[in-house]
Each structure stands twice: as structure tokens, then as C-alpha cells.
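When you line the sequence shown up against UniProt numbering, it's residues 1 to 1193, in that order.
C-beta atoms are modelled at their ideal positions from N, C-alpha and C, and glycine is treated no differently.
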Amino acid sequence: MKKKQIYFSSGGGKLRKMTLIMKMTVIFLLCANLVMATESFGQEKYSFSLNRVTLEEALNQILQNSGYYIVYTVNDIRKIADVSLNMEQVTIEQALDRVLSLNGLKYTVSENAIVIAKDASAVKNLQSEQMKVQGTVKDEKGLPLPGASVYLKAENTLGVTTDIGGHFEFKVPAGLKGKVVLVISFIGMETVELPLDGREHYEISMKPEITSLDDVLITGYQTISRERATGAFDIVDKRQLEKPASDLSSRLIGTTAGVQATLTEDGKASLEIRGRSSLNANAQPLIVVDGFPVEGGFETINPNDVESVSILKDAAAASIWGARSGNGVIVVTTRKAAKGDKLNVAFNTFLRFRQKIDLDYANPTAASADQIRYEEMIFGKYGVALNEGIFSEDDVAGKCYTLAQIALNEARLGNISEDTKRLRLQELQETDYKDDVYKHLLRNPFLQQYNLSVSGGGERVGVMTSLLYEKDKTHYIGTQDEKYMLNMRMNSDICKWLKLDISGMFQYVKKQNNGAVLYASDENDIAISDLSPYEHLTNRDGSYTHIVRDYYLPAMERLVGNGFPYSDWFYNPLQEIRSRDRSTKDIKARFQAALTLKLWEGLNFSSSLQYEIFNSKRRDLYKEDSWVVKNPVNYYTEYNDATGVVGKSAYPTGQFLDQYTSEMQGYTFRNQVNFNRTFRRHDFNVVLGTELRHRRTTSYTSPRVYGYNDETLTSKLFPNGTGKLAIKDLFGNTITVDDYASTFTFNTDRFFSLYGNAAYTFDNKYTISGSVRTDASNFITDDPKYRYAPFWSVGGMWNLGQESFMSDYLFIDWLRLRLTYGYNGNVDTSTSFKPLVSIGSVENVYKHEITGSIASFGNPELRWEKVGSVDIGIDYSFWGGKLAGKLDYYRKYSKDLIATISISSANGTTSQKLNNAEMLNSGIELEVGSQLDIIGKDIQWYGNVNYAYNLNRIERLFVTDNSAKTYLRGDFKEGENASTIYAWHYAGVNKDGIPCVEEGSSPDGLRPMNTVYDNTSDATGWLRPQGVKVAPHIMGLTTGFKVYNFDLSLIVTGKFGHKFKRSSFNYPTMGKTGTSKIWVHKDVSKLLDGDKAMPPLLTDTEDSNQMYYDSYYTDAMDYLYHNANHIRFQELNLTWHIPEVWLQKIGFRTAAVYGQINNLGLITANKYKNDPEFPEGTVKPERSFIVGVKFNF
């Protein structure tokens, strides 16, 4: 590389001869320049960002890539300081014109020599009558923008850049007043043009560019210019991040190609990037915040503090994260204050309202009349004859019959007359449970959020602090969350060569969980679906009704007066909500610190640390009116049926208290060297580092405290002692009290990593990159062959738009081709490389000592799952961003996947989790965007469409069990998509009139549905694949208008090519045993009306089996699966930016009022009007309405 040289003189008497020589040289060079007429600098384009440097330093930066010599006089140059220059994609000639003309200088060029001298005409103009132009440039939040370029459009040589406070000041000829336009530009912002009207001070507010040509990619380890990134990545539109959100994940829906979001009922999203990469490991992408992977995911991020989000998709972009990057990486960067920034206070608040749960959809139970009609039909057809005795061989008390069945049975027993039975059934037919449920158990969800941030800084330090409060009242009365979050971030220049960055997050969440739920997940839940459609919650006088649960209600009503500990032995959901206090308190804290040492130009060393601690405490208190207390105390009471004598209870009376505590502590310590330097046309970016990560989790589950008193903080002793003491229960059965012991867990994960990443760019056109990382951990094998096996990537990028042969195509803003290949990894902690033993918590009742069992036989060659990835992509932008986008093809091949496979029984088991499976994901991604200035910057339109297709197939998986059970429960199959659905084909009725399904193991190829299904034969030949559950085609549309001070935006998403399963009639029966009352699906009306598409009921026989259809048939019929294609109108947002003229009067910088509607509507391809992502029988996200205001001052 040829070294640039600078020749200059210092002036003085001894320099007269030198001055003469210089004059002659100048004349010679000028003549030569005239001869060469059209010759000038090359047409290569560069970007310059200089802020308040000397002119000499500015010239060095501009010409370092040119190979030219400079000739100048010291007095002309050295006196000029405070030079700023921000120009993007300009020639050296344009940069010199700008920086020299602003300082009354000119230059001439000949061969490789540049001569700088004073420009007499410029000096004359500068000395003429002048007018001061001054003002402040800020962003839309009121934060100053240092380094913004301010100049005159007609005279672009006149201008300056803003200082650290966003201020600018310069002088122009007074004659230009009213004749030219003042232009303000800043990287990533929309250019502002104002008339030079002579005002004393200009207040300029800039907004983010719709399409920024110079976005940067933040990988978490480094920041790379978008022009030099070889990998596949996306940067989420900043406009999207500005919208109201309780959880950041909701802001990523529909905005990026290849990212498939699965919603929850509260609008949050789980994300999958480029298909499923693992069979058993966590499929969620790695979440990185300010350079560190974080626990807790999006819930620990204040969405109001997010500055940018980068989504890393392929190996070149994400492999630097090694064993945890196989599912992609989402890198979140939070806001920080600029040094020298004035105090800025920002406030944002919004309220969100949602509709109540649609019970007809979420709980598709039969209408009261239809259920009673069905119950009358099946009564006595399946079950046993019921006799009058409360206790007998076929006892009645243990039967959980509905109110209609009770009326039928009581009349059968002679306890009530036929007329009374008919009156009761008529009253039940006219009752609708939904009235009481909507009144007492459900409400309109309501969320309120308030966020306050304060930022500012001095000459060397910037500090930003934010405080968030959020209260979320859910669908269910008695259930709500309260969240407090404090964030702080400080960045400080201790000196020119040393920087310190510190940030912290503290979050406190209190959850109250006293309300009902739709479906029960444990025995203590209050499930709305457990109610029969004709059950009331309250009587006409407001007292609690007796809701059927676990027992035969008339029997219990006759028992309660016999001296049991609790005479009110009845269940009522409303009473239950009022008789419990269940809460969870979560404290989450995160601390980050980084010290960066500048060794020399372009070379930095940084040492950084992250420490996290999460603590969760759950406390469930059940009062004495609660069923959770009354039922076990009474049930575990000795009772003599013959004498009616009530004995002791196994449990004391009083409140019940459950307690659970868990804690996670972890730290990450990183040391890293960064080298980022440009030498003429050569750009180098190198990262080398080490990382140590440690994570420890503990949990403690206290045994239930019985006989507790929350006021005195005392508890009672067990009447019969503790342990597995055998007693007689209510029905005379010998039972044992549950173990009274605590449960403890402890887990430690340790990682040690070495990593490196390097990229080289030549002439801003050609980039090659490579990365390597090795991760060692305590939970993979200690065999060095596997433990230190590296993850790596290579990539290349050709900036085709910068080629000289493309210079004639002026419509091209940029055109880049990319190619990458490499390996990422996944972590599956569900198994171990050594056998695992599970130790019991109490002594074995027979051996009187602690015993254990084998939990896992171990995988001696346990290693990381690996995901090999190839990506070919093209990025483009034409006509100034009027058409921009990208196209990618990728192929991901996962190997060494953890899967449960068949092994020889000689190993002590017939199956074990091993690194055995392989899976393919391949697909394409397409993004097309546009922006149009319809009327200048006053009326604009923008739009972006993204589309992705993913093909998934399991290439290798050794499993010998191909029975119907493995298919129907969703086990993976070699050669199939990981989400393939299988179902029985309904074959109608056989010659005996019995409904059948196709099954090849039967002689006639049919299997009657009232027989137990065959779970031994190979079902490959007759279970039919219905399609896949996960959509292979996804799309997103984001579009919007800016009309003066109004912004209107719309997000539409679509998923295609998959299937969903609708709910249907469930064929319930009156069982001989069990304590659950029947739940009847609303499709019973179709069945009773003779719908031929469904298996009929056989009611003309006394054979009990004729009423029973195995649920493995009825729940997996092919007629239940339907096209899941749908288009969802996800979001509509309208924002009004209050005019600055109004705000100045009250001292505000910016302010806006906004409204948003989510889940506006849905277009589906199924005739049942089901939401394919939330089929009937689930709680779908209801339409929500948001109103809010934000301002800063």
C-alpha cells in the first residue's frame, strides 16, 4: 500500500524562495490541469462522518483512500479548526468541495498532486454583508441530533454540522434571504427543507427515514454496517417499535419474512425463525439484550425503551452465538442518552380494552334443552341400575351425575314423582349458565400502562432512567397482574481512551390468581367448563347454589347433617373465588457493565459482565369455606355407614396453605478484542473473545400446611399423625394420607466459550467474513471430540451496485449479492451423558428407607445439536427507495438431534434419548417495500410485503413403534414433516350397523368403533396423513400513510397450506366409575337430527358397549380436519402528532395522541367460522382497543 504524503511550509522570511517555488509549481500544475481538462478523481463513492475536527484532520480522512499528495501553506490550514462533515456516498471531489469552500479555500488537481490555496472570491463573499443562521435540530422525541448537516440548497458549500447539543450557527450573505432553502439532513432521518426566511432561531424536528440506506446490524458482539454484512438478517422498522405494547413480541408480528408468530389469548407471541430446527429442544430464538443473552425473554424488556431489534437468521449472522443460535437470534438494543444532552422527560401512557370471552365459542357446550334430550336418551343405556342405598356395591354417592341425571334417577328410585321430575327438567331447559358466568366470573379485560423516562448528560456522560407501571385485569374476575419495572443506563467517557457503560433492570410483578379458568389444569382450578349448561351460581335470594362436583348431590345433602367437620360440604365457583388468596410475587433483576479500553486507532479491548437474579414466591391460601379445604377434611373422615358414627378426620380443620419458592442466579463474563479500521480501500473488522457463563436454579416446594390460621400464623397437628397412615375413608375404603415432605431441586449449567469473527471489505464492493466458536459445557459429554467441536460460518457479499459498469444505471440505490454457509447449535437439557437417578422425598413404607429409580439411562456421547445452513440472498433498492427489498433461499440441515429412539432391551430399556435424528428445513423469503412522497413530505405512503415458504422433513429417525397410538399422539416419523397430522378415515357402518374406521389389521379392513383400538399392529398403512399443523406459507403486509400530522398504519398477516382440527361431538356416557360429570358438545343437536357424516348413536340395545366409542377414534376422525388458510387483519393504528407551534406555548417538545385496534377481522377458508389458530373450544384473542398519549419536554 502506497503511503500518503503531505508537503507543507511553516512560513517566515526563510521561506521566500520556497514560496516562489510553490508559486511556480502551482502555475505548472494549473497548466497541466488545463491540458488534462476532463480528468479528475475516480468515481468511487465514500461516506464521511467528521465532527468538530481540524481541517488538517479532515483532509487526512478524506484523502486516505485516494493516493493523492497535498500541497498547502501552514498558515492557510493549521488555523482552521471545528470542521464537521457528514456526507454519504459521495466522491472525494465532492467532499473536498464542501469542506474547503466552507473555509474560503480552493484546490487544483494534477496527476496525483492537490494544491490548496485561498479563494479570493470566497473570501470576498465571506467579508460582505452577512446574516446569522442558527437553530437546534432534534428528533421527534425532542432529543438533540449532533452531527446533522445544515446547509443551503442552492449554495451547498455554505453550511455546518450540529454540535453535541444539536445546535448550529453560521453566516450567509444577506442577499440570499428569501431566495434559497435551508436543508437539514441526518443519517437515518428524513431530510428537512425550510425557507431561509431570516428568522432568529430555527427549531427543526426530524423523523426517521422510511427506508434507511445505512442501517447497521447489531449482532450483540459487534455493530456492522449493513453494506458489509454477509449474513441474512432483518432490522425491525422503528415505526413498529414506537407503537403501544405490553410485550415486545407483539411488535414483531407480521413485520419480518420467515418469522412465524403463534399468538396467545392475551396477544403475546411465541416466535419461530425459518422453521423448526429441533425435535425436543426449546424452539424459541435466543433473546439478546444489549449484547447479552437474557433469562426471562421478552417479559423482562420494557418495550418503551427499545431502540432497535435485529433478527439474525443464518449461520453467518448468528453462529457467533454458538450452541444456542440454531433457532435464530433476536438482538434487542435499548435506548441510551447522548452525552451533552439536555434534560429530557418523556411520558407515554395507554389504556387497552378488550371484549369479553365469547362463551359460545370458547366453551361449545350443548344448549340446555339439547343436553337434557341427550341425557334422557342415554340414561340407563350405559351404566348400572342405581339403587336406593347411599352406600352399596354400586354406590351412588361416588357418582357425579348432572342435575338432569339426578332428576331422572331420583324419579327412578321413587324419591320424587314423575310430575316433579318433569317440572325440574323443564326448569333446567329454560336455564342458561352463561348469564351467571358473564355476571360473576367474567369481565372485559382492561390493561393500563404508564411509562416515564428521564434522560440527560454532561460533556462525558449520558444517563437514561425509565419507570414503567402496568396493571392487567384479565378476562377472569379475581385474576390480575401488576408490574413495576425500573431501567437505568449510563454511558461515560472516563477519558479519551477509556469508556464505561453500566445498565440495570429491576422488575417486580405481583400476580393474583383467584379467578376462574375456562379449563382446569389442576384439581384446585375453578373451571367454567365444569358447569352444566343449566346450572346457576346463585339462588334468587343471592345465596350460593350447590354445584355438582365429585359426588351424587342428593346423597351429600343427606350426609352433611351427620356430624362431619364441615356441614357445608358443597361446591360453588363464586364462593370458591371469594374463599382463596392465591398470589405469586416475582422479582427479577439484571445488571450489566462494560469497560472499553482504546488501545490505539481502531483497536479496542472490552471486559463486560452481566449478572441476573430471578426470584419467585408463590403463596396459595385456601380459607375454610373453600372446597379445597372442606372436601379433603370431610372425605378423609372415618364414617360407619351402619351406625352413622363419624370418627376422626386425617386432616385438622382450618385453612390450607401451599408455598413454593424458586430462584435463578446467573452471570456471564466476557473479554473481547475489537479491531475495526479502514486503510484506503481496505476495511477490516475483527472480533476475538472468551466467554464464561454460569447459571444456577433452585426450587423449594413446602408441604401443604393444614389447619393454618393466617391471623395467628399457627397451624394444627394432624389428628392421626403424618406419613402414609392407613385409614378408612367415607366409603369404607382403606386409604393413606399423602406424603408430608418437602421437595427440593437444584440445577447448574456452565459454559466456557472461545469465539472469533472477521470480515474484510475491499473497495466497498467485496466482503468476505468468517466466524468460529467453541462451547464447552457441563451437561454434554467430556469427550473432547464432541465437547469442543466448533460452530463456524463463512460468507461473502458482492456490492454489485458499486461497480463502475453499473454507474449508468442511476436508478439503482444499492444491489448486493450474499452467500453464506456454516453451523449453529441447539441446547437440549432433557437428558444427560450419564445415567440419572431420581431420589424419593420420603422413606419407602415397606423398606423404611429412602429409595430411588432410574430417570434416564444416559447418553454417553451426548453432544450439541448442529444446524448446518446455506443462504443465498440478494438485497436491492431502486429509485431512491421507491422499490426496495430482498430475496433469500436457505437450506438448513439439522443433525445430531436428540430424539427418543428404539434400542435393544439388553440395555435395560427399549427406548432412550440419543443424538440420532436429522431434519431438513428449506425455503425462500421475499420482501418488497416502497415509499412515495405524494405531496412532498406532507403526504407520504409506504408499504412492505413479506412472504416466506418453509419445507420441513425428518430425514432420519429410528423408531420401531408404528402403532396407531404413536401416530395419533403426534410422535415424529421419518420422512414426514415434524407437524404432520394423522387421522382415522370414517368408513360408515358395517353390516351389523356398527360405525367403523378403516384398519388394515382387521379381516374386512374395518374396525368397529365400540371396541378398543389395536395398539400393537403397524398403523402405517391405514392412518391417513391430513396435512401439517404449522403453516408452510406465511405472509405479512405493513402499510401506512402520513398525511400532515396524522399517521395511519395497517398490519395484515396470513398463513396458508396447513390444517386445523375443529371440535365436534364427544360421545359422552354415564360411566360406572369416576367423579366427573359429563360434558356434551353442542354438535349433539346435529347428531340427534341424524347427521350422516357423524357416527350414529346405538340406543336400541342393552349392551353397554354399544354406547361406548373409544376416544382414540372419535377425537381423531378425518372429517374433523379442515383448511387452516386465513388472513388476519392484525392491527390498525392512527396517531396525531400535535403541531409544534401549539406545543411551544406550553413548553413541550413533542406530543401525540394515538389509537389502535387489534384483531380487526379474519378471513378464513373453513365453513365453520373457526379461527384456525384458536379453534372452537379455545380462548381466542378478542378484539382490543387502545387509546394513549405521549409527550416529552
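Exposure label - residue i; buried when at least 16 CB within 10 Å
i	result
residue 780	buried
residue 174	exposed
residue 181	exposed
residue 799	buried
residue 419	exposed
residue 1126	buried
residue 473	buried
residue 620	buried
residue 123	Residue placement at residue 123 is poorly supported in this model, since its pLDDT is 48, which falls under 50; the coordinates still yield a value, given next. Looking at its Cβ environment, which holds fewer than 16 other Cβ atoms inside 10 Å, residue 123 is exposed.
Alpha helix (DSSP H) segment containing residue i, residue limits
i	result
residue 543	No alpha helix (DSSP H) contains residue 543, which DSSP labels as neither H nor E.
residue 92	92 to 101
residue 927	No alpha helix (DSSP H) holds residue 927; the beta strand (DSSP E) holding it covers 911 to 935.
residue 1142	1140 to 1144
residue 412	403 to 413
residue 633	627 to 635
residue 230	That residue, residue 230, is in no alpha helix (DSSP H); it is neither H nor E in DSSP.
residue 785	784 to 787
residue 1084	1084 to 1088
Other residues of its chain near residue i: CB distance less than 8 Å, five sequence neighbours each side excluded
i	result
residue 406	548, 552, 553 and 554
residue 833	779, 780, 781, 782, 858, 859, 860, 861 and 862
residue 663	613, 614, 615, 616, 697, 698 and 699
residue 186	86, 137, 145, 147, 148, 149 and 206
residue 776	751, 752, 753, 787 and 788
Nonlocal neighbours in the same chain, by C-beta distance under 6 Å from residue i, ignoring five residues either side
i	result
residue 161	84, 86, 147 and 149
residue 1128	1053 and 1162
residue 510	482 and 585
residue 903	912
residue 748	696
Residue from the options with nearest C-alpha to residue i
i	options	result
residue 916	491, 292, 958 and 993	958
residue 290	1136, 330 and 712	330
residue 445	574, 541, 461 and 265	265
residue 928	883, 701, 1137 and 1159	883
residue 1182	864, 1188, 1130 and 238	1130
residue 692	667, 288, 720 and 1035	667
residue 1080	404, 176, 96 and 1092	404
residue 1135	1142, 1151 and 856	1151
residue 580	921, 1157, 1149 and 658	658
residue 333	576, 339, 288 and 1078	288
residue 954	893, 451, 190 and 754	893
residue 1138	1124, 1132 and 1154	1154
residue 797	786, 787, 814 and 514	814
residue 761	678, 325 and 641	678
residue 1184	447, 116, 362 and 247	447
residue 152	115, 197 and 416	197
For residue i, the first and last residue of its enclosing beta strand (DSSP E)
i	result
residue 440	Looking at the DSSP string, residue 440 is not in any beta strand (DSSP E); the run it does join, the alpha helix (DSSP H), is 433 to 440.
residue 370	Residue 370 -> not in any beta strand (DSSP E); alpha helix (DSSP H) instead, spanning 368 to 378.
residue 316	No beta strand (DSSP E) contains residue 316, which is instead part of the alpha helix (DSSP H) from 315 to 318.
residue 939	939 to 956
Own chain residues within Cβ distance below 7 Å of residue i, not counting five before or after
i	result
residue 1019	962, 963, 964 and 967
residue 573	441, 516, 526, 537 and 547
residue 1062	1120, 1122, 1168, 1170, 1175 and 1176
residue 977	952, 953 and 1028
Is it the case that the region 270 to 290 contacts the region 340 to 357, given that we only count it when at least three CB pairs across the two stretches are under 8 Å? no
Below 8 Å, can you find three or more Cβ-Cβ pairs linking the region 597 to 604 to the region 566 to 580? no
I'd like to know if the region 981 to 991 and the region 1118 to 1125 are in contact, where contact means that at least 3 CB-CB pairs between them fall below 8 Å. yes
For the region 422 to 433 against the region 299 to 310, are there 3 or more C-beta pairs whose distance is under 8 Å? no
Stretch pair the region 1037 to 1057 + the region 233 to 245: three plus CB contacts closer than 8 Å: yes
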